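Sequential numbering from 1 applies to the sequence shown in UniProt numbering.
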Amino acid sequence: MFKFIVAGGGSASVSIVNNLIKSGRVQPSQILVIEPSLVNYYQPGFTMIGGRVLGDAESIKKNSMHIIENKTANMFPFSVPILQKEVVSFNPDQNSLSVSGGESLQYENLIVSMGIHLDFEAVPGLKQALDDEKSTVGSIYRLPYAFKTNKIIENFKGGNAVFCMPPLPIKCPGAPQKIMHLAIDNFKAAGVTDFKVHYYMAQPAIFSVPKYAKKLKEIAEGKGINLNFEHTISRVEHEKKIAYFKNKDGEIAVPYDMLHVPPPQRGVNALKNSTLVDKTGFVEVNKETLRHTRYNNIWALGDCANTPIPKTLAAALSQSQVLTHNLFQALDKKDINAKYEGYTACPIFVGNNKLMMCEFKYGLVPHETFSYKQDVPNGFFYWAKKWLFPRVYMQFVKRNWWFGRTMFFKPKF
Ligand SMILES: Cc1cc2nc3c(=O)[nH]c(=O)nc-3n(C[C@H](O)[C@H](O)[C@H](O)COP(=O)(O)OP(=O)(O)OC[C@H]3O[C@@H](n4cnc5c(N)ncnc54)[C@H](O)[C@@H]3O)c2cc1C
Numbered sequence: 001m002f003k004f005i006v007a008g009g010g011s012a013s014v015s016i017v018n019n020l021i022k023s024g025r026v027q028p029s030q031i032l033v034i035e036p037s038l039v040n041y042y043q044p045g046f047t048m049i050g051g052r053v054l055g056d057a058e059s060i061k062k063n064s065m066h067i068i069e070n071k072t073a074n075m076f077p078f079s080v081p082i083l084q085k086e087v088v089s090f091n092p093d094q095n096s097l098s099v100s101g102g103e104s105l106q107y108e109n110l111i112v113s114m115g116i117h118l119d120f121e122a123v124p125g126l127k128q129a130l131d132d133e134k135s136t137v138g139s140i141y142r143l144p145y146a147f148k149t150n151k152i153i154e155n156f157k158g159g160n161a162v163f164c165m166p167p168l169p170i171k172c173p174g175a176p177q178k179i180m181h182l183a184i185d186n187f188k189a190a191g192v193t194d195f196k197v198h199y200y201m202a203q204p205a206i207f208s209v210p211k212y213a214k215k216l217k218e219i220a221e222g223k224g225i226n227l228n229f230e231h232t233i234s235r236v237e238h239e240k241k242i243a244y245f246k247n248k249d250g251e252i253a254v255p256y257d258m259l260h261v262p263p264p265q266r267g268v269n270a271l272k273n274s275t276l277v278d279k280t281g282f283v284e285v286n287k288e289t290l291r292h293t294r295y296n297n298i299w300a301l302g303d304c305a306n307t308p309i310p311k312t313l314a315a316a317l318s319q320s321q322v323l324t325h326n327l328f329q330a331l332d333k334k335d336i337n338a339k340y341e342g343y344t345a346c347p348i349f350v351g352n353n354k355l356m357m358c359e360f361k362y363g364l365v366p367h368e369t370f371s372y373k374q375d376v377p378n379g380f381f382y383w384a385k386k387w388l389f390p391r392v393y394m395q396f397v398k399r400n401w402w403f404g405r406t407m408f409f410k411p412k413f
């Protein structure tokens, strides 16, 4: 019997476990983290790998991996036990779950932070294309494919560069267009002139928040990018270098010289068949308190929660502060009074060493930290994204020195 089981040991888990321990109210031996991976990733860095912000693949492997990955054990307080297994099923009525190997574990409180499933197989031909080293199909959504994307962009000699955006939900919905702008910068820097960039989106707009969408559309049109709304990638034939997209009239074939595909995404398998999720496959929580709507001793945060807002690390870090407070309030039989307002952030590389810092909350309402003009890209945000944020994640979050939107200041509820 554990006082707290944390299912999943990714970014959200690092934040919440460190919060619990640094509160002084929880001993490491009272927590169990269940995480199959020995490596913890700063996933926003994958965009900087693919887009060559951190240089070519060889120099990144030599010089920059310390800001992209760390051992899972190094991200958690020393002596917090980490069980290197997968959660396979949940039995919330018995306060238990089972892990790979068949063992059943009991908890008093369960925190679910199991991320989102990257469904590369959902697009016929995509996985084969990505796994074929000779193909010019990349994806920044998984580390080896991000390195492949880096090389594809480096070797691009011109022609059709095709980028796409799958249906929501996906993590960091800004990333599919960040890589497009970074690719264009690289093409120009390499003196490639004879190219055309195409962006195929499943959505009717380039971004979900109108304030940012307006500017992002202007920027894309200013670069001559061919924008195609309501087009969803349906299959890839990489031997022929053709991607297919479905629109309201049927399917179109798009020849490409390079193709970037973020995978469709859905709830992770272990959660899918449990009673913890809603019909979309994500853990059903109160969107403000982050407590499960039906099980009082279950909480969720990060990409696996059904909070109706884009899934980002920025969101997970802010959720973590609310969840910690509310969990202790519940244990003390006090009011669950902290509210997560839906804060999320999408720092979008728009080219020329500039970045648009999109910050918003529930209702897709801008919720900006720095100025009301955050739809104007600037070099300071680019610097922060490239140099500061990876170090914030790798060094500050695990020391409990960073609290999401309030940065170095612990929010008061
Ligand atoms: C290319 C890319 C760019 C991004 N850019 C940004 C950005 O600029 N800004 C930003 O804020 N966010 C960005 N994100 C999103 C951000 O990385 C995620 O939102 C964040 O990692 C969510 O944390 P999480 O803990 O919910 O999920 P994860 O960090 O993915 O962790 C989930 C963990 O659960 C584990 N798990 C899965 N199944 C099981 C199981 N059955 N049992 C036990 N454990 C399991 C996994 O191994 C994993 O370690 C980006 C993501 C990507 C991929």
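Think of the CB as a built atom: it goes at the ideal place given N, C-alpha and C, for glycine as much as any other residue.
Every value quoted in this text rests on a predicted model; they were computed, and no experiment measured them.
S274 vs G404 beta-carbon contact at 9 Å: no
Option in T406, F90 and N400 with minimal Cα separation from N19: N400
Beta-bridge partners of P124, as assigned by DSSP: Paired residue(s): none; P124 is not in a bridge.
Close-in-space but distant-in-sequence residues of the same chain around S135 (CB under 7 Å, 5 per side omitted): Here the set comprises A129 and H238.
Beta-bridge partners of C164, as assigned by DSSP: Y200
T406 beta carbon near ligand 1 (any heavy atom closer than 8 Å): Outside the cutoff, so no.
Endpoints, the beta strand (DSSP E) within which P255 is located: G250 to P255
Three-state secondary structure (DSSP) of I68: coil
Pairwise C-alpha distance: N269 and T344: 25 Å
DSSP-derived helix/strand/coil call for residue 416: The question about residue 416 has no answer, for the chain in this structure spans 1 to 413.
I140: CB within 8 Å of a non-hydrogen atom of ligand 1: yes
Pairwise C-alpha distance: K333 and M48: 45 Å
Host alpha helix (DSSP H) of Q321 (start-end): L313 to L331
At least three beta-carbon pairs within less than 8 Å, the stretch 91-98 to the stretch 242-249: no
C-alpha distance - H198 paired with G222, whole-angstrom precision: 13 Å
Where N228 sits in the DSSP three-state scheme: strand
Bridge partners - F349, DSSP secondary structure assignment: L355
When T293, H325, N155 and I298 are compared against residue 421, the one with the closest alpha-carbon: The first residue shown for the chain is 1 and the last is 413, placing residue 421 beyond what the model contains.
Limits of the alpha helix (DSSP H) - the one that H181 falls within: A175 to A189 is the extent of the alpha helix (DSSP H) around H181.
Inter-residue spacing [alpha-carbon to alpha-carbon] between H325 and G115: 22 Å
Extent of the continuous beta strand (DSSP E) to which K246 belongs: I242 to N247
Any chain C beta carbon closer than 9 Å to E251: In the structure shown, chain C does not exist; there is a single protein chain.
Residue nearest to V17 in terms of C-alpha spacing, selected from K211, L276, N378 and S79: Of the residues K211, L276, N378 and S79, the one whose Cα lies closest to the Cα of V17 is S79.
Identity of the residue in A220, T193 and N378 nearest P176 by Cα: The option with the nearest alpha carbon to P176 is A220.
beta-carbon residue 416 near ligand 1 non-hydrogen atom, thresh 8 Å: This structure does not reach residue 416, given that the chain is present from 1 up to 413, and the question cannot be answered.
Cβ pair V137, K386 closer than 9 Å: Judged by beta-carbon spacing, K386 lies beyond the 9 Å limit of V137, meaning their Cβ atoms are not closer than that value.
Where N155 falls: helix, strand or coil (DSSP): helix
The stretch 286-301 / the stretch 31-45 touching (three or more Cβ pairs under 8 Å): no
Buried versus exposed, by CB contacts within 10 Å (16 or more), D56: exposed
Entirely enclosed alpha helix (DSSP H) segments - the stretch 35-87, minimum 4 residues: 44-50, 57-63 and 72-75
Sub-9 Å separation of V283 and V88 beta-carbons: no
Proximity of D357 and L216 at Cβ, strictly below 9 Å: For clarity, residue 357 is Met in the given sequence; the question names Asp instead. Their beta carbons are not under 9 Å apart, which means M357 does not touch L216 by this criterion.
Stretch-stretch touch, CB-based, cutoff 8 Å, three pairs: the stretch 187-204 with the stretch 225-236: yes
Where V285 falls: helix, strand or coil (DSSP): strand
Residue from C346, M407 and G50 with nearest C-alpha to K148: G50
First and last residue of the uninterrupted alpha helix (DSSP H) at F381: G379 to W383
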